[in-house]
Amino acid sequence: MQSLSPHDQGGLSGWSWLLHGAWHLVIQLLPGYAPTKGKEVAEWLGIDLGLIPQDLTGQIVGKETYPTSIGTFSDVWKCLYPFGQSRELTVAVKTIRGHRDDGLRLVKTKTLQDQVEQWKTLVHKNVLPVYGTTLDFGPLPSLVSPWVDGGSLTHYLELNPDLSLEKRHEILIQIADGLRYLHSKEIMHGELNGGNVLMDTNGNAYLADFGFLPIVLEFRTAPYLSTAIGSSVRWAAPELFEVPSAADAPPLQLSMESDIYSFGSIMLQVLSGNIPYHTIKRDDQVLYAIAKGMKPPRPETSNVTDKHWEFIQQCWSSRQGNRRPLATDVSVFLAAHNPG
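Following the numbering used here, the numbering of the sequence shown begins with 3 at its first residue and continues without gaps.
Set out below in structure tokens:
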């Protein structure tokens, strides 16, 4: 478990900080607690984000001809942001696909800018910060965040199949700590999966793209969208695929509870090294398995103990059962079952 950074402390009232201190003390007193070993700090943690303007239009350089990666709803460009007199920050510019002649473009732009204003206040060592937006990449504002060299969690686990149980547990603690912070700010991630947890070259985890999916769904122009979950189907809660009870009901019920279901899937992935439903190759086949009520089977690895599997099942419990733990409960469990 990790303590708040100085930036976090500044954002809490006196009573909130006192309560957080008491909470962190409880965590440290749990059996098996061990603080994360000191590592090289990510470059953005040494930067006062308040010095970076929200509007970065005209300030991002190094754009290549084609994006670095292409997603379901957006593209990502690796660029540079000159910061200060002699420093350049490597940044990821995430563009939301849209139409130039969209009649709601100004409304969508205002929505995005309001969200970014809130996201810029989030500072936590396991949450990827949002620097601001730029209008140089498409019809809608593009999000500017730090570039993370280690790739996604899924990619990292594939490249490092021999990770120790202690290291896997450390990664889970970092992800849980970031999720607990977001939930404490009343922000649901909405699309927690192995592609939206980014890793640096030191093996530290950062939650990215939090709050992004609800905005994209709000921006959609077609009344039907077959890929609303995008690439998250293997990690997503089953209620997100249910048919609404009323014709005018929202098609997706994203919630803090659906984040917890996804964390259970992340926990399975980190401990086993395989993505959920890894024996099923196609996402549409995974959807069919979910429709039949199938869950990923328990992997044959000693990394997944009986206690781990029981907790994963609790994260995967039905929405109606109301047994999914809170993000704080996840942190308590991991601290109590630290293999170190």
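We put the beta carbon where it would ideally sit given N, CA and C, even for glycine.
In chain order, what residues of the same chain have a beta carbon less than 8 Å from the beta carbon of residue i, not counting five sequence neighbours either side?
| i | result |
| --- | --- |
| D331 | none |
| L21 | Summary for L21: the model assigns pLDDT 40, below 50, so the residue's position carries little reliability, and this model does not support an answer. |
| D285 | S233, V235, R236 |
| T203 | D151, G152 |
When you compare only the Cα positions, how much space is there between residue i and residue j?
| i | j | result |
| --- | --- | --- |
| I173 | G86 | 33 Å |
| V93 | S247 | 43 Å |
| Y279 | Q61 | 43 Å |
| V199 | R182 | 14 Å |
| L270 | E193 | 16 Å |
| M201 | P163 | 15 Å |
| S274 | V146 | 33 Å |
| F212 | T303 | 31 Å |
| L108 | V150 | 31 Å |
| E90 | V125 | 21 Å |
| F313 | S166 | 20 Å |
| D50 | L289 | 43 Å |
| E168 | E119 | 37 Å |
| L79 | Q316 | The sequence shown places Trp at residue 79, rather than the Leu named in the question. Computed Cα separation, rounded: 38 Å. |
| Y208 | L159 | 14 Å |
| G152 | L161 | 10 Å |
| K187 | I268 | 21 Å |
| D105 | P301 | Just to set this straight, residue 105 is Gly in the shown sequence, not Asp. Going from the Cα of G105 to the Cα of P301 covers about 50 Å. |
| H191 | F214 | 8 Å |
| R326 | D308 | 18 Å |
| A178 | N128 | 9 Å |
| T59 | S320 | 45 Å |
| F243 | N305 | 30 Å |
| Q322 | H310 | 22 Å |
| P216 | G140 | 20 Å |
| G52 | T123 | 9 Å |
| I72 | G134 | 20 Å |
| N324 | L155 | 28 Å |
| L114 | N276 | 34 Å |
| S260 | N195 | 12 Å |
| T67 | K294 | 44 Å |
| L256 | K283 | 25 Å |
| L27 | T111 | Residue confidence for L27 is low, a pLDDT of 41 falling below 50, so the modelled location carries little weight; the figure read from the coordinates is stated next. Roughly 43 Å separates the two Cα atoms. |
Name the DSSP bridge partner or partners of residue i?
| i | result |
| --- | --- |
| D164 | D164 is not bridged to any residue. |
| L91 | Y83 |
| I98 | S76 |
| L200 | S154, Y208 |
May I ask which residues mark the beginning and end of the beta strand (DSSP E) holding residue i?
| i | result |
| --- | --- |
| Y208 | 207-209 |
| Y83 | 76-84 |
Could you pull out every residue in the same chain whose Cβ sits closer than 6 Å to the Cβ of residue i, ignoring the five residues on either side in sequence?
| i | result |
| --- | --- |
| V272 | R170, I173, L174 |
| V334 | none |
| D388 | Past the boundaries of the shown model lies residue 388; the chain is included only from 3 to 342, so the question cannot be answered. |
| H185 | M258, A329 |
| W121 | V132 |
| P84 | E90 |
Leaving out the 5 sequence neighbours to the left and right, which residues in its chain are closer than 7 Å to residue i when beta-carbon positions are compared?
| i | result |
| --- | --- |
| P298 | L270, P278, Y279 |
| W318 | Y263, G266, K297 |
| V218 | F75, I98 |
| G64 | C81, L82 |
| W46 | P131, P148 |
| L137 | T59, P143 |
| I292 | P240, F243 |
| D57 | G134, T135 |
Helix or strand or just coil, what does DSSP make of residue i?
| i | result |
| --- | --- |
| S147 | strand |
| T136 | strand |
| V332 | helix |
| L58 | coil |
| V306 | coil |
| H191 | coil |
| H126 | strand |
| Y279 | coil |
| L142 | coil |
| V218 | helix |
| D179 | helix |
| K169 | helix |
| G323 | coil |
| A337 | helix |
| Q316 | helix |
| P240 | helix |
| S233 | coil |
| S247 | coil |
| G48 | helix |
Could you pull the start and end residues of the alpha helix (DSSP H) that residue i belongs to?
| i | result |
| --- | --- |
| L273 | 258-274 |
| E66 | First-last for E66: undefined, no H or E at that position. |
| W121 | 107-121 |
| Q287 | 285-293 |
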